[in-house]
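Okay, structure first, notes after.
In the numbering used here, the protein residues as written are 1 to 140.
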C-alpha cells in the first residue's frame, strides 16, 4: 500500500496536461473498441478462433466487450484507473498474442502493442491530477 501512495504522490507532482489527454484518449479508444465488439460479436469470435479449443474462449467473448466499455469509461474519467487497466491487460496481451498465432497484421500488432505500453504506463503512473480519483481524494 505504501508503494501505491508513493507512486500517487510522485504522479501528482509530475502531472502534465498531455499525459492526462493521453489517458483520456486511451479510455475513449477502449470504449469505442468495446462498442465495436458489442455490435459485431462475429468479429470477436473470428479473432478468438485460433484459441477455440481452449475452455475459456466463450468466457473471453463475454468478458472483452464489457471490460472495454466499463474500463474505457473508468480510464477516461480517471476513476480507479489502475484497476481498470489491470482488467484490460489480459485482453490486450491476448490481442498481441493473437497477432502472432493467427494472421499477422502489422497494423493491428502496432496498435495492440501501443495500447499495451500505454496500459502498463498508466498502471504505474495512475490517473494524475485531472481525474476523478484526485478530485474525490481532495474532497475528503
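Backbone N, C-alpha and C define an ideal beta-carbon position, used for all residues, glycine too.
Looking only at its own chain, which residues have a Cβ that is under 8 Å from the Cβ of residue 131, when we skip the five neighbours before and after it? Counting only Cβ-Cβ distances below 8 Å, and skipping sequence neighbours, we find 20, 23, 77, 78, 79 and 81.
Neighbourhood of residue 67 by C-beta, 8 Å cutoff - its chain only, sequence neighbours within 5 removed: Hits under 8 Å: 34, 87, 88 and 91.
Would you kindly check if the distance between the Cβ of residue 7 and the Cβ of residue 118 is under 8 Å? The beta carbons of residue 118 and residue 7 sit no closer together than 8 Å.
Expressed to the nearest angstrom, what Euclidean distance is found between the alpha-carbon atoms of residue 30 and residue 71? 7 Å
With C-beta atoms as the reference, is residue 28 less than 8 Å away from residue 44? Against a cut-off of 8 Å, the Cβ pair of residue 44 and residue 28 comes out as no contact.
Considering only the alpha carbon of each residue, which of 137, 139, 75 and 133 lies closest to residue 115? 75
Residue nearest to residue 13 in terms of C-alpha spacing, selected from 120, 128 and 135: 128
State buried or exposed for residue 40, treating a residue as buried only when at least 16 other CB atoms are found within 10 Å of its CB. exposed
For residue 48, count the other beta carbons within 10 Å of its own beta carbon; 16 or more makes it buried, fewer makes it exposed. Which is it? buried
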